[in-house]
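Working notes, structure below.
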Amino acid sequence: MGRKLLTEHINVEGIHTFDVYRKHGGYASVEKAIKTMSPEEVVEEVKASGLRGRGGAGFPTGMKWSFLAKPEGKPRYLVCNADESEPGTFKDRYLMEKLPHLLIEGMITSSYALGARTSYIYIRGELLYVLRILEKAIAEAYANGFLGENILGSGYSLDLHVHPGGGAYICGEETALLESLEGKRGNPRNKPPFPAVWGLYGCPTVVNNVESIATVPWIITNTAAEYAKFGIGRSAGTKLISAGGNINKPGVYEIELGVPVEEFIYSDEYCGGIWKGRDMKAVIAGGSSVPILPKELILKTTNGEDRLMTYESLSDGGFATGTMLGSGGFFVMDDQTCIVRHTWTLARFYHHESCGQCSPCREGTGWMEKVLHRIEHGHGHMRDIDLLVSVAKQIEGNTICPLGDAAAWPVAAAVRHFREEFEWHVKHPQAATAPGAVFNKSESVLA
Amino acid sequence: MEQTASVNQVQFSEGAMAEIRRYLSHYPADRQKSAILPILHIAQAEFGGWVSPEVMDKVAEILNIQPIEVYEVATFYTMFNLKPVGKHVLEVCRTGPCMLRGSDQLIEHLENRLGCKVGETSADGNFTLKTVECLASCGTGPMLQVREQFYEDLNPARADQMLEDLKALTVRKPWEENY
Ligand SMILES: Cc1cc2nc3c(=O)[nH]c(=O)nc-3n(C[C@H](O)[C@H](O)[C@H](O)COP(=O)(O)O)c2cc1C
Ligand code: SF4
Ligand code: FES
Chain A
607 MGRKLLTEHI
617 NVEGIHTFDV
627 YRKHGGYASV
637 EKAIKTMSPE
647 EVVEEVKASG
657 LRGRGGAGFP
667 TGMKWSFLAK
677 PEGKPRYLVC
687 NADESEPGTF
697 KDRYLMEKLP
707 HLLIEGMITS
717 SYALGARTSY
727 IYIRGELLYV
737 LRILEKAIAE
747 AYANGFLGEN
757 ILGSGYSLDL
767 HVHPGGGAYI
777 CGEETALLES
787 LEGKRGNPRN
797 KPPFPAVWGL
807 YGCPTVVNNV
817 ESIATVPWII
827 TNTAAEYAKF
837 GIGRSAGTKL
847 ISAGGNINKP
857 GVYEIELGVP
867 VEEFIYSDEY
877 CGGIWKGRDM
887 KAVIAGGSSV
897 PILPKELILK
907 TTNGEDRLMT
917 YESLSDGGFA
927 TGTMLGSGGF
937 FVMDDQTCIV
947 RHTWTLARFY
957 HHESCGQCSP
967 CREGTGWMEK
977 VLHRIEHGHG
987 HMRDIDLLVS
997 VAKQIEGNTI
1007 CPLGDAAAWP
1017 VAAAVRHFRE
1027 EFEWHVKHPQ
1037 AATAPGAVFN
1047 KSESVLA
Chain B
2 MEQTASVNQV
12 QFSEGAMAEI
22 RRYLSHYPAD
32 RQKSAILPIL
42 HIAQAEFGGW
52 VSPEVMDKVA
62 EILNIQPIEV
72 YEVATFYTMF
82 NLKPVGKHVL
92 EVCRTGPCML
102 RGSDQLIEHL
112 ENRLGCKVGE
122 TSADGNFTLK
132 TVECLASCGT
142 GPMLQVREQF
152 YEDLNPARAD
162 QMLEDLKALT
172 VRKPWEENY
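As they're listed, the protein sequences go chains A and B.
Going by my numbering, the first residue of the first sequence is number 607, and it counts up by one from there.
Going by my numbering, the first residue of the second sequence is number 2, and it counts up by one from there.
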């Protein structure tokens, strides 16, 4: 069984309380960092660990930290991105609910490294109950001298607050998040300047995902060299995977990067295979924004190698035959899934969530939703299928923020790998709209 | 700022005001507008699950900003109901991963049970049925949210039980005792 770095103690009774968390080694990284390391040494250690951002883009965390501007007379901020709204992803919620002190410990150690005196956790507004768990834990940390003035007598002081959003996926994009935290609509900013220079209230800011920050305590307590022993190559460490869809054992699994996809899906240690004794049709491996892959391509690369749960292996083949690790939102579709209907729900999601600032995204997501609705409900034309591809292409790369790409990729990939199924909907609208109807490759060849 | 009579009629309770002051203390003195989303959440819990124009005007007054700044924000974020709602708002997740686990069937079941469609309120005023996008509970779908509570792994029987429990429930505010 793979070793757990974040979730080793997650099922210990009372681990959400300060005392129990502390008894299991909690807050050791704060003691070690503040008492024995300079802030720069903490940054160097995180850099050396190879940790990559767990919010989706996989940018090296230590490198991001080293870009933080340090002008005289301006505060610096650390903001934790707990907006978790990417469909298929539910790991940060699980981690915060069960192990609130792990995130708080990570926030303190990371804030020390960055020289932040006030830090925020921006949590999606729907998770107010988790906000209350975090606030309780923060109060305990203050009471025990790990937050507030003069932490552990070191002279370093830090305030930590939790801030709720209001229900908007776009606020997961880091500059929209900062706008939202300033009390505005969540419209992404034009970049540059990047948050490292111009972030919260115009001050240098680092934005990191919950899981990234929660990994810092282990790295500092156990050293970067130990951390780098986990995983494969540039995919160092462990990753929380949110496993959902048509599997026997949905849930959050901490895996060592490098586990074969096939093992992850079929072994009882993880997903436990496909539910109801069915066959697998497709997988979305990294949250709704990454390309869907059919069974053959998610299990093996085109070179015939086993696909592994790493950044590199999942993206092998580019978008033609590969996908991305993304946020680790891994959901599996069984052979009874209608790909057209599923893709339509995603297009509807992106249309709903587009902030409307750039026309390719605002208009394009609306078009894609409309066309997919038409095909799914039996009113599609053959030319609609190419229209989807062309709209997706026109959005891609032409927008202020990556939501445009995130909306385009799933649609383009669904048509790329399941075109026959879209055609079947157009050619046989009656059959396709019958209750519970699902495209069956072999029958359609006869028809 | 000119005050209308209706703004003066909006009164937050002492408990709610204490929460508002606590949030205001989290942001720099010249950045108090940051508290707008937390205060809107408090307002919605305080005034029956929605925020009226008068309530938004009151929020503007507290933050010492123009009312339009509050309207702008309240209309951008989907969690704020801008029209009156039933005693409970059922927010059912409808996105792909939940669809794979039966959210279409759950929505249909609730529509039948409540005798109303998505976007409507049941005749007895107990339930407003809404659909929302992914709530970070995809592994335990189909699911829905009512205020701060998640109801997960819902099948028809569990959904019916939930409706019964909610009917009988006394709604409390987060700052009240026994919350
Ligand atoms: C539309 C959109 C939504 C995003 N949602 C999230 C999110 O919910 N959580 C998150 O950590 N990052 C999200 N991101 C990525 C952030 O912009 C940012 O890269 C990330 O928080 C950086 O943290 P990391 O380097 O630790 O991964 C999103 C990006 C986009 C474009
Ligand atoms: S790409 Fe979409 S979400 Fe991003 S800024 Fe443009 S309109 Fe807004
Ligand atoms: S899709 Fe419903 S909670 Fe994520």
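Quick reminder that beta carbons are idealized off the backbone N, C-alpha and C, glycines included.
Among the CB atoms of chain B, one or more fall inside 8 Å of the CB of A/MET939. A/SER644 sits in coil when the DSSP states are folded into three classes, being neither helix nor strand. Rounded to whole angstroms, A/ILE757 and B/ILE43 show a C-alpha spacing of 32 Å. Cα atoms of A/GLY972 and A/ASN1004: separation of roughly 16 Å, rounded to the nearest angstrom. Counting only residues of its own chain and dropping the five nearest sequence neighbours on each side, A/GLU741 has a CB closer than 7 Å to the CB of VAL768. Straight-line spacing of the CA atoms in A/GLU646 and A/THR827 works out to 16 Å. Taken atom to atom, the span from the alpha-carbon of B/TYR24 to that of A/ILE729 is near 14 Å. Close to chain A, meaning a Cβ-Cβ distance shorter than 9 Å, are the following residues of the stretch 133–158 of chain B: VAL133, GLU134, CYS135, LEU136, ALA137, SER138, CYS139, GLY140, THR141, GLY142, GLN146, ARG148, GLU149, GLN150, PHE151. A/HIS707 has no beta-bridge partner at all, per DSSP. Rounded to the nearest angstrom, the gap between the Cα atoms of A/LYS845 and A/TRP671 is 20 Å.
Listed along the chain, the chain A residues whose CB falls inside 7 Å of the CB of B/VAL119 amount to none; the nearest CB is some 13 Å away. At a cut-off of 8 Å between beta-carbon atoms, A/SER691 makes contact with chain B. In chain order, GLY731, GLY771, GLY772, GLY773, ALA774, CYS777, SER786, ARG791, GLY792 make up the part of chain A whose C-beta sits under 9 Å from the C-beta of B/TYR78. Each of A/VAL995, A/GLU982, A/ILE898 was checked against the Cα of A/PRO1035, and the nearest Cα belongs to A/GLU982. In the three-state scheme derived from DSSP, where H, G and I count as helix and E and B as strand, A/MET915 is classed as coil. Under the DSSP assignment, A/SER848 falls outside any alpha helix (DSSP H), being part of the beta strand (DSSP E) whose first and last residues are 844–851. Listed by position along chain A, the residues whose Cβ is nearer than 7 Å to that of B/PHE81 are GLY772. Applying a distance threshold of 6 Å between residue Cβ atoms and the heavy atoms of ligand 2 selects A/ILE776, A/PRO794, A/SER960, A/CYS961, A/GLY962, A/GLN963, A/CYS964, A/CYS967, A/ARG968, A/THR1005, A/ILE1006, A/CYS1007, A/LEU1009, A/GLY1010, given in chain order.
Looking from the CA of A/LYS790, the closest CA among B/GLN162, B/ASN113, B/ARG32 belongs to B/ARG32. The beta carbons of A/VAL867 and A/ARG913 sit about 4 Å from each other, so the pair counts as a contact at 8 Å. Contact of B/PRO39 with chain A by beta-carbon distance below 8 Å involves HIS769, PRO770.
Neighbours of B/ALA36 across chain A, judged by C-beta separation under 8 Å: GLY789. Under the 8 Å criterion on CB atoms, B/HIS27 is classed as interfacial with respect to chain A. When DSSP states are grouped into helix, strand and coil, B/TYR180 belongs to the coil group. The continuous stretches of alpha helix (DSSP H) do not include A/GLU678, and DSSP gives it neither H nor E. By the criterion of a C-beta distance shorter than 7 Å, B/ASN127 is surrounded in its chain by GLY87, LYS88, HIS89, LYS168, once the five residues flanking it on both sides are discounted.
Flagged as an interface residue toward chain A: B/HIS42, by a C-beta distance shorter than 8 Å.
Per DSSP, reduced to three states, the secondary structure at A/TYR876 is coil, with no helix or strand assignment. According to DSSP, A/ILE838 shares a beta bridge with A/SER841. Ranked by Cα distance from A/GLU1029, the first of A/ALA1013, A/PRO1041, A/ASN1046 is A/ASN1046.
Looking only at B/GLN146, B/THR76, B/ILE40, the smallest Cα-Cα distance to B/MET163 is reached by B/GLN146. With a cutoff of 7 Å, B/ALA137 counts as near ligand 3, since its C-beta is closer than that to a heavy atom of the ligand. In the structure shown, A/SER725 adopts extended strand secondary structure according to DSSP, grouped into three states. Spanning the alpha carbons of A/THR1039 and A/GLU1026 requires a straight line of approximately 16 Å.
At a Cβ-Cβ threshold of 8 Å, A/SER644 and A/THR715 do not count as neighbours. Listed along the chain, the chain B residues whose CB falls inside 8 Å of the CB of A/GLY631 amount to none; the nearest CB is some 28 Å away.
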